[in-house]
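In numbering that gives the first Met the number 0, the protein residues as written are 0 to 101.
Just so you know, even glycine gets a beta-carbon here, dropped at the ideal spot from N, CA and C.
What you are looking at is a predicted structure, and each value in this text was computed from that prediction instead of being measured.
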Amino acid sequence: MMQVTTTPAATVPSDAGAANKAALEKAAQQFEAIFLRQMIGAMRSASLAEGISDSSATEQFQSMADSRTADALAGSNSMGIAQLLIRQFGERVAPAAPATGE
0 MMQVTTTPAA TVPSDAGAAN KAALEKAAQQ FEAIFLRQMI GAMRSASLAE GISDSSATEQ
60 FQSMADSRTA DALAGSNSMG IAQLLIRQFG ERVAPAAPAT GE
């Protein structure tokens with residue numbers, strides 16, 4: 000005979016809510032990093048003159064450095080883009096309260 004156990008309804012939504020909130024925070028931080036990479040790349044491409052040491056290798060290392068800078072900025076919450084996204088979408092991600100009309 001197979002036994003079925005149930006978990007209290009209160010623990011499932013809170014665990015799912017915490018996981019959803021963590022996923023939202025991670026996605027918002029990743030979005031901010033991508034946005035900052037694009038912004039830094041656009042700023043770098045707006046250079047009016049070529050440098051003496053410009054080469055494909057230099058560009059590759061600058062791109063890698065720009066990515067690290069964007070990741071560090073996004074991780075420090077200095078721009079606030081991720082926080083705005085969390086504020087905007089946080090209510091949509093949080094689980095609904097369980098119905099008590101039963």
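For residue i, three-class secondary structure by DSSP
i, result
"Ser62", "helix"
"Asp70", "helix"
Straight-line Cα distance separating residue j from residue i
i, j, result
"Lys25", "Ser46", "33 Å"
"Leu84", "Ser77", "14 Å"
"Val92", "Ala15", "10 Å"
"Asp65", "Glu58", "10 Å"
"Thr10", "Ala18", "Here Thr10 scores only 45 on pLDDT, less than 50, and its place in the model is too uncertain to base an answer on."
Sub-8 Å separation of residue i and residue j beta-carbons
i, j, result
"Gly89", "Leu23", "yes"
"Ala69", "Ile39", "yes"
Option in the options with minimal Cα separation from residue i
i, options, result
"Gln87", "Ala21, Ala15 and Ala27", "Ala27"
"Gln61", "Leu84, Met42, Phe30 and Ala18", "Met42"
"Gly74", "Leu84, Ala21 and Ala32", "Ala32"
"Ile80", "Arg67, Ala21, Ser44 and Phe30", "Phe30"
"Arg67", "Gln37, Ser54, Gln82 and Ala56", "Gln37"
"Gln82", "Gly16, Lys20, Ala56 and Ala15", "Lys20"
Discussion item. If we require 4 or more residues per run, which alpha helix (DSSP H) segments fall completely within the region 6 to 46?
Written reply: 10 to 44
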